[in-house]
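Residue numbers (the numbering used here): 1 to 171.
A quick write-up on the structure given underneath.
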């Protein structure tokens, strides 16, 4: 990672090195004092952090750009959430969702196997929302379709997700 340092930073860097050298000479030439140790350590830290100073200054002056970037990302996330919610709502028709909810409740009630109900069951089985042996083996008429069809965990998760999306879209 290469950075372009301005002349003022190089001048400050050289001055700090000279001060550090003078302090080191003082340390070795006479009796060391705690204040001298503190000064040497402080200068060493400055030498280490000068290259990062440009980045810190740039970050503080570019806060407006940072805020606008965060707002832009927030808008993109909001748009993506809206699209995802719409995709969930459109993934299966309302009538099929109602069938899935009734099956999940365990009390679908009496039914007559129509072509539409049979197609819905095949589709729900294909996407993994229900488990059923053979749909053709389900009696044509009975008191409770839930006795023959079991809603999977994925189906239950979909119901909860779609309910939450519908509630959010109402408010």
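Idealized CB from N, CA, C, for every residue including glycine.
Between residue 100 and residue 88, the C-beta gap is not smaller than 9 Å, which leaves the two residues out of contact. For residue 33, there is no enclosing alpha helix (DSSP H), as DSSP gives it neither H nor E.
Taken in chain order, the whole alpha helix (DSSP H) runs of length 4 or more contained in the stretch 90-133 are 94-105, 115-126.
One thing to note: residue 133 has its Cβ no nearer than 9 Å to the Cβ of residue 154. DSSP, reduced to helix, strand and coil, places residue 149 outside both helices and strands of the structure shown, so it counts as coil. Here residue 30 is exposed. Its C-beta has fewer than 16 other C-beta atoms within 10 Å.
With three or more CB-CB distances shorter than 8 Å, the stretch 106-118 counts as touching the stretch 143-158.
Taken atom to atom, the span from the alpha-carbon of residue 78 to that of residue 84 is near 10 Å. DSSP lists 112 as the beta-bridge partner residues of residue 141. Per the coordinates, the alpha-carbon of residue 82 lies some 18 Å from the alpha-carbon of residue 70.
Per DSSP, reduced to three states, the secondary structure at residue 171 is coil, with no helix or strand assignment. At the C-beta level, residue 149 and residue 138 come within 9 Å of one another. Short of 7 Å from the beta carbon of residue 157, and not among the five residues preceding or following it, lies no beta carbon of its own chain. Non-local C-beta neighbours of residue 18 in its own chain, meaning closer than 6 Å and more than five positions away in sequence, are absent. Sequence-distant partners of residue 26 (beyond 5 residues in either direction) whose C-beta falls short of 7 Å from its own C-beta, in its chain, are 36. Between the alpha carbons of residue 164 and residue 90 lies a distance of about 14 Å.
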